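A.B. asks:
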Ligand code: FES
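In the numbering used here, the protein residues as written are 8 to 150.
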């Protein structure tokens with residue numbers, strides 16, 4: 008952190024501002040803040056997760072989530088699931104997770120309800136949500 012501040016101060020001293028300063032930051036491959044490029048949520052989603060498969064069995068427990076095909080799928084109650092794109096509507100970063108009963112972007116803290124409605128100012132544009140249906144151990148996720 009201290010190195011970033013010193014780098015920022017150094018670049019500012021060179022007269023770099025705004026976009027040119029960001030270009031310098033993003034051009035340095037070692038900096039994690041620019042590793043996730045902005046991406047677009049998938050509009051056509053249609054896949055099935057087998058909850059008896061070890062890769063997805065976390066979804067048998069309320070409060071857990073998995074990420075599959077760019078979709079965050081969460082077990083929100085004993086009888087229901089929620090699914091949203093992993094792509095945040097704030098700056099298009101694929102960093103959305105499920106936490107504390109809602110969806111949350113780890114980049115700047117946007118929050119969304121289980122239906123995709125924004126629940127704070129950063130998440131005010133909402134997020135693309137998908138439908139889910141459970142049949143036996145097959146969870147269908149679709150748009
Ligand atoms: S990109 Fe998700 S909160 Fe900014």
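Yeah, the Cβ is synthetic: ideal placement off N, Cα and C, and Gly gets one too.
All of these numbers come straight from a predicted model, not from anything done at the bench.
Where does the unbroken beta strand (DSSP E) through residue 79 begin, and where does it stop?
C.D. replies: Note, residue 79: beta strand (DSSP E), 78–82.
A.B. asks: Applying the criterion that 16 or more other CB atoms from any shown protein chain within 10 Å of the CB defines a buried residue, is residue 110 buried or exposed?
C.D. replies: The residue in question, residue 110, is buried, as its Cβ has 16 or more Cβ neighbours within 10 Å.
A.B. asks: DSSP state of residue 56, grouped into three classes?
C.D. replies: Residue state, collapsed to three classes: strand.
A.B. asks: So for residue 92, helix, strand or coil by DSSP?
C.D. replies: Strand.
A.B. asks: Just checking my contact of residue 130 with residue 97 at CB under 8 Å: how many whole Å lie between their CB atoms?
C.D. replies: Correct: roughly 7 Å between the Cβ atoms.
A.B. asks: Nearest to residue 63 by CA position, among 94, 78, 138, 117, is which residue?
C.D. replies: Here the closest residue by C-alpha is 78.
A.B. asks: Between which residues of its own chain and residue 125 is the CB-CB distance below 8 Å, once the five residues before and five after are set aside?
C.D. replies: Here the set comprises 96, 117, 118, 119, 131, 132, 133, 134.
A.B. asks: Ligand 1 heavy atoms versus the CB of residue 2: any closer than 8 Å?
C.D. replies: Nothing about residue 2 can be read from this structure; the chain reaches only from 8 to 150.
A.B. asks: From the DSSP output, in three-state form, read off residue 106 for me.
C.D. replies: Correct three-state label for residue 106: strand.
A.B. asks: Between residue 138 and chain C, is there a C-beta pair that is closer than 9 Å?
C.D. replies: This model lacks chain C altogether; it includes just one protein chain.
A.B. asks: Give a yes or no on whether the C-beta atoms belonging to residue 92 and residue 48 are separated by under 9 Å.
C.D. replies: Taking 9 Å as the Cβ cut-off, residue 92 and residue 48 qualify as a contacting pair.
A.B. asks: In this structure, how does DSSP classify residue 64 when only helix, strand and coil are distinguished?
C.D. replies: Reduced to three states, the DSSP call for residue 64 is helix.
A.B. asks: Decide if residue 54 is buried, meaning its Cβ has at least 16 other Cβ atoms within 10 Å, or exposed.
C.D. replies: The residue in question, residue 54, is exposed, as its Cβ has fewer than 16 Cβ neighbours within 10 Å.
A.B. asks: With burial defined as no fewer than 16 other Cβ atoms inside 10 Å of the residue's Cβ, what is the status of residue 139: buried or exposed?
C.D. replies: Counting Cβ neighbours within 10 Å, residue 139 comes out buried, since at least 16 surround it.
A.B. asks: Residue 50 to residue 75, Cα distance in whole Å?
C.D. replies: Looking at the two C-alpha atoms, the distance is approximately 15 Å.
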